[in-house]
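Residue numbering for the sequence shown follows this note's numbering, starting at 3 and increasing by one per position.
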Amino acid sequence: MSISDNKITVPKPVQGTPDATGQLDDLLALMARLRADCPWDKKQTNHSLIPYAIEEAYELGEAVQSDDDEDIKGELGDVLLQVVFHCQMYAEQGRFDMSDVITTLQEKLVRRHPHVFEAETLKDDAAVKVRWDEIKLEEQQAREARGKSKRRLDQIKAGSALMQAQDVQKQASKLGFDWEGIAGAVDKLDEEIAELKHELTDKSTAEVKANVREVEKELGDCMFALVNVARKLNLDAETATLTCVHKFKSRFGYIETQLAAAGKRIEDSDITEMDALWEAAKQHERSS
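Quick look at the structure:
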């Protein structure tokens with residue numbers, strides 16, 4: 003794989019059943035084989051993989067928090083898989099390959115660490131952060147010179163949808179595009195919920211599915227408006243949602259535990275029994 007002559011190399015699929023060698027080239031050949039022979043891998047696109055990349059990043063974070071080496075190795079591998087998968091597909095498209103990605107990363111790391119590779123001297127990590135931001139600004143100016151103009155909300159960092167929604171709203175608020183108080187945000191939430199209900203009310207499942215993209219838009223509007231309410235209350239939408247997720251998992255775990263104590267599997271229960279145990283879980287929370 004060569005950058006100097008701008009040659010893009012599409013890895014050749016490995017033959018037979020490969021050994022785990024720990025070598026990058028062998029991993030690329032394995033990925034090429036999956037793209038050639040696995041029905042699921044063959045139908046993926048760079049866009050279809052986006053949710054998996056986000057999911058794997060979160061799972062890596064959880065693994066690091068657990069401090070379990072086997073889990074961490076597994077999740078780091080899953081993150082690496084996303085990189086390898088994307089590189090394979092972009093190479094197939096004749097756009098770039100893994101060598102290009104690695105070279106770009108190497109150049110960036112050297113460029114952003116002049117205090118390591120050049121004569122610059124920075125006394126502490128705070129100074130490093132300031133210099134890092136200066137270099138990123140220089141890089142952005144270079145992008146603009148290539149026609150990649152920067153707009154006010156382009157500074158929003160990648161993250162979960164809730165995080166980005168909240169950051170977008172914060173930046174818009176700084177520019178004066180915001181409700182004066184929480185009442186306006188709540189009214190907007192009511193408006194968006196009403197529009198979602200309109201898309202769902204008195205319609206069959208088939209009708210809803212036929213118009214699923216419009217429903218998706220209205221649902222997104224509701225969630226965006228709800229994030230705005232959280233922001234107005236100085237609450238973090240991501241944290242609030244995670245709190246709900248953990249609460250749900252805890253209550254559902256209570257249901258499973260109680261059913262197991264009665265010698266039953268959750269698959270053998272029904273909604274009435276599970277709903278009663280759900281209410282018992284809420285009572286258990288209040289008493290504990």
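Glycine included, C-beta positions come from ideal geometry on N, C-alpha and C.
| Item | Value |
| --- | --- |
| Suppose contacts are defined by Cβ-Cβ distances below 8 Å. Is Ala-278 in contact with Tyr-256 by that definition? | no |
| Can you tell me whether Glu-216 is buried or exposed? The criterion is at least 16 other CB atoms within 10 Å of its CB, across all chains shown. | exposed |
| Identify every run of the alpha helix (DSSP H) within the region 43-86, keeping only runs that are complete inside it and at least 4 residues long; order them along the chain. | 52-68 |
| With three or more C-beta pairs closer than 8 Å as the rule, is the region 28-35 touching the region 81-91? | yes |
| Which residues mark the beginning and the end of the alpha helix (DSSP H) in which Glu-144 is found? | Position check: residue 144 holds Ala in this sequence, whereas Glu was assumed. Counting along the chain, the alpha helix (DSSP H) containing Ala-144 begins and ends at 127-147. |
| Does the count of Cβ pairs from the region 181-193 and the region 222-240 closer than 8 Å reach three? | yes |
| If you follow the alpha helix (DSSP H) that Glu-216 is in, where does it begin and where does it stop? | 214-234 |
| Would Val-86 and Leu-29 be called neighbours here (beta carbons separated by less than 8 Å)? | yes |
| Indicate whether Gln-84 and Glu-120 have their beta-carbon atoms separated by less than 8 Å. | no |
| Check whether the Cβ atoms of Val-12 and Glu-94 sit closer than 8 Å, and answer yes or no. | yes |
| Would you mind stating whether Gly-175 and Glu-240 have Cβ atoms separated by less than 8 Å? | The question names Gly, but residue 175 in the sequence shown is Ser. Taking 8 Å as the Cβ cut-off, Ser-175 and Glu-240 do not qualify as a contacting pair. |
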